[in-house]
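Colleague:
In our numbering, the protein residues as written are 25 to 542.
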């Protein structure tokens, strides 16, 4: 059975492996072995529960990260919820924030942007409260990605650049590369190809420096997407590099997507045989993993290749067969965009074959779908505006929470010793026991009589001067102020740190207070 220190070392190693983007399944397996060890220890040594609960939350959060990296979103949400509950039980705000951040990322992948923003901002708030810059950086980046999908590009860039700055400060090159990729993606959406390339090439350089296969693959993929617009041969080169890395990682979904993108570029270059070859490879993988949406679009794209008059393998029957298969599947899954696209292409094919009645039928279907989708686009635009409104409201709520947290922190630091205030802010329940302490009580002689003669503002100014001087004297002699009530002042010696002679320190302090008082 491993010791606590050995388990910490194992989890640190898995953290490092995750950042290099390698063997997500192996990381999960190791973390589950750690969880089994923790269960045994908790049964045998219940007195060290909090420390081992913290390790359990850490392991669960790591597993959640690997699930998300493999696209297992539903499983990731369940694991993140368990991690959050364990972290709360352990009173560990760092792991709580990690779990909230994971939930935010999961809802982002489910396109539930208001909830994604809610959880990401909660995680960011905790990160700021406890000064956890890693948590701040990751959630700033995630919030930036949410705004990117809401098409609020200025806000997306604002958050991503904040995240980038924090990762640079921390020396976290994996985070630097990730944010550079995301910023490049925003500029790609803005059709600013030169900036998109600039950021993605920086990202690629950093990813290669740290050897992160996942980041290298993603950077190559986005660079390929940019070059598809301006330099197709270079697009092919970068997409092939992305493909090689995705194959090393065993990420079948990304392999199929990249194969399809390569096929699309070749077809755009009129190299139909090569395009068809890549489409067929993508179709085989998508069929294996059951990605119906990708199957539908790939079937349709294969049909389009066979329908090209200038393709030496032109085959109207095959073109019809593949497009009809695509339409049936698109109908089944409700993929209206593919229904519209391939209805138009099938209508054009029938027109070339002089099958007028069928051509008219599918053109009519295309126009009806086009009209319907334009209406749906208006609804989507309204939904997008609503999501932006919710995001703005959440931003305002976050500002209020941040201000309240700052006020609470200031109040605690003004009324309690810094060490105690920091422990309370981190979520710790304090019930310290001290065998030997010295307590100083002081009050102002004649204060009641004095207060009846002076106006309130002048009286408060006098108390402020007196107690500020008391604070200085206590600090000099190693005492900590506990509280003030009216003209009464209470301080303690030996509770936060044990001086050699508590009574001697307290006596010296009392004399100095007395001298000032007199």
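Just so it is clear, CB atoms sit at the ideal spot from N, CA and C, and this is done for glycine as well.
Helix, strand or coil for residue 464, going by three-state DSSP, please let me know.
Modeller: Looking at residue 464 - three-state DSSP - the assignment turns out to be strand.
Colleague: Keeping to the same chain, check which residues put their C-beta closer than 6 Å to that of residue 201; ignore five residues upstream and five downstream.
Modeller: Hits under 6 Å: 227, 230, 231, 239.
Colleague: What would DSSP say about residue 516, mapped onto helix, strand or coil?
Modeller: Three-state result, residue 516: strand.
Colleague: Helix, strand or coil for residue 506? Go by DSSP, reduced to three states.
Modeller: Of the three classes helix, strand and coil, the one that applies to residue 506 here is strand, per DSSP.
Colleague: Mind checking residue 492: buried by the 16 CB within 10 Å criterion, or exposed?
Modeller: Residue 492 should be labelled exposed.
Colleague: For residue 2, which of helix, strand or coil comes out of DSSP?
Modeller: There is no way to answer for residue 2, as the model of the chain reaches only from 25 to 542.
Colleague: Taking the Cβ atom as the reference point for each residue, do residue 250 and residue 296 lie within a distance shorter than 8 Å?
Modeller: Result no, Cβ atoms of residue 250 and residue 296 do not sit closer than 8 Å.
Colleague: Do residue 198 and the ligand SAM come close, with the Cβ less than 7 Å from some heavy atom?
Modeller: Inclusion of the ligand SAM in the displayed structure is not the case, the ligand content being empty and no account of it being possible.
Colleague: Once the 5 residues before and after residue 298 are set aside, which same chain residues still bring their CB inside 6 Å of it?
Modeller: Here the set comprises 290.
Colleague: If you draw a straight line from the C-alpha of residue 475 to the C-alpha of residue 497, how long is it?
Modeller: Using only the alpha carbons, I get a separation of about 25 Å.
Colleague: State the start and end residues of the unbroken alpha helix (DSSP H) segment that holds residue 27.
Modeller: No alpha helix (DSSP H) holds residue 27; DSSP gives it neither H nor E.
Colleague: Can you tell me which of 337, 333, 343 puts its alpha carbon nearest to the alpha carbon of residue 322?
Modeller: Among 337, 333, 343, the Cα nearest to that of residue 322 is on 343.
Colleague: Quick check: the region 218 to 226 against the region 179 to 192, are at least 3 beta-carbon pairs closer than 8 Å?
Modeller: Output reads no: the region 218 to 226 does not touch the region 179 to 192.
Colleague: How would you write the range of the alpha helix (DSSP H) that residue 264 sits in, first residue to last?
Modeller: From DSSP, the alpha helix (DSSP H) with residue 264 extends over 256 to 273.
Colleague: Quick one: grab the DSSP three-state call for residue 35.
Modeller: Correct three-state label for residue 35: helix.
Colleague: Distance check for residue 237 and residue 44, CA to CA, integer angstroms please.
Modeller: Approximately 7 Å, taken between the alpha carbons.
Colleague: Which first and last residues belong to the alpha helix (DSSP H) in which residue 44 is found?
Modeller: Taken as a continuous stretch (DSSP letters only), residue 44 belongs to no alpha helix (DSSP H), as it is neither H nor E.
Colleague: Does the region 63 to 74 come within contact of the region 90 to 106, defined as at least 3 CB pairs closer than 8 Å?
Modeller: Flag = no, the region 63 to 74 and the region 90 to 106 do not touch.
Colleague: If we call anything under 8 Å between Cβ atoms a contact, is residue 313 one with residue 284?
Modeller: Result no, Cβ atoms of residue 313 and residue 284 do not sit closer than 8 Å.
Colleague: How many Å lie between residue 120 and residue 137 at the Cα?
Modeller: Spanning the two alpha carbons is a distance of roughly 21 Å.
Colleague: Secondary structure at residue 338, three-state DSSP: helix, strand or coil?
Modeller: It is coil, neither helix nor strand.
Colleague: To the nearest angstrom, how far is it from the Cα of residue 260 to the Cα of residue 268?
Modeller: Using only the alpha carbons, I get a separation of about 12 Å.
Colleague: Which residue from 141, 159, 126, 86 puts its Cα closest to that of residue 118?
Modeller: Cα-wise, what sits closest to residue 118 is 159.
Colleague: Does residue 225 come out as helix, strand or coil in the three-state DSSP assignment?
Modeller: Residue 225 falls in the helix class under three-state DSSP.
Colleague: Please classify residue 479: does DSSP put it in a helix, a strand, or coil?
Modeller: Three-state result, residue 479: coil.
Colleague: Where do the ends of the alpha helix (DSSP H) carrying residue 331 lie?
Modeller: Per DSSP, residue 331 belongs to no alpha helix (DSSP H) and is neither H nor E.
Colleague: Looking at the unbroken alpha helix (DSSP H) that takes in residue 69, where does it start and where does it end?
Modeller: Unbroken run through residue 69: none, as it is neither H nor E.
Colleague: Less than 8 Å between the C-beta atoms of residue 141 and residue 170, yes or no?
Modeller: Yes, Cβ-Cβ distance for residue 141 and residue 170 is below 8 Å.
Colleague: The alpha helix (DSSP H) spanning residue 179 covers which residue range?
Modeller: From DSSP, the alpha helix (DSSP H) with residue 179 extends over 177 to 194.
Colleague: Measuring CA to CA, which of 208, 116, 114, 86 is closest to residue 104?
Modeller: The option with the nearest alpha carbon to residue 104 is 86.
Colleague: Mind checking which residues open and close the alpha helix (DSSP H) that includes residue 160?
Modeller: Unbroken alpha helix (DSSP H) run through residue 160: 157 to 173.
Colleague: Looking only at its chain, what residues have a beta carbon closer than 8 Å to the beta carbon of residue 99, apart from the 5 residues adjacent to it on each side?
Modeller: Cβ within range, chain order: 91.
Colleague: Taking residue 194 and residue 157 to be in contact with their CB atoms under 8 Å, please state how far apart those CB atoms are, rounded to whole angstroms.
Modeller: With 8 Å as the limit, residue 194 and residue 157 qualify as a contact, their Cβ atoms being about 6 Å apart.
Colleague: Under the three-state reduction of DSSP, which class applies to residue 345: helix, strand or coil?
Modeller: It is helical.
Colleague: If we ignore side chains and look at the alpha-carbon of each, how far apart do residue 82 and residue 445 end up?
Modeller: Rounded to whole angstroms, residue 82 to residue 445 spans 25 Å at the Cα level.
Colleague: Taking the CB atoms as reference points, tell me whether residue 125 and residue 162 lie closer together than 8 Å.
Modeller: Their beta carbons are under 8 Å apart, which means residue 125 touches residue 162 by this criterion.
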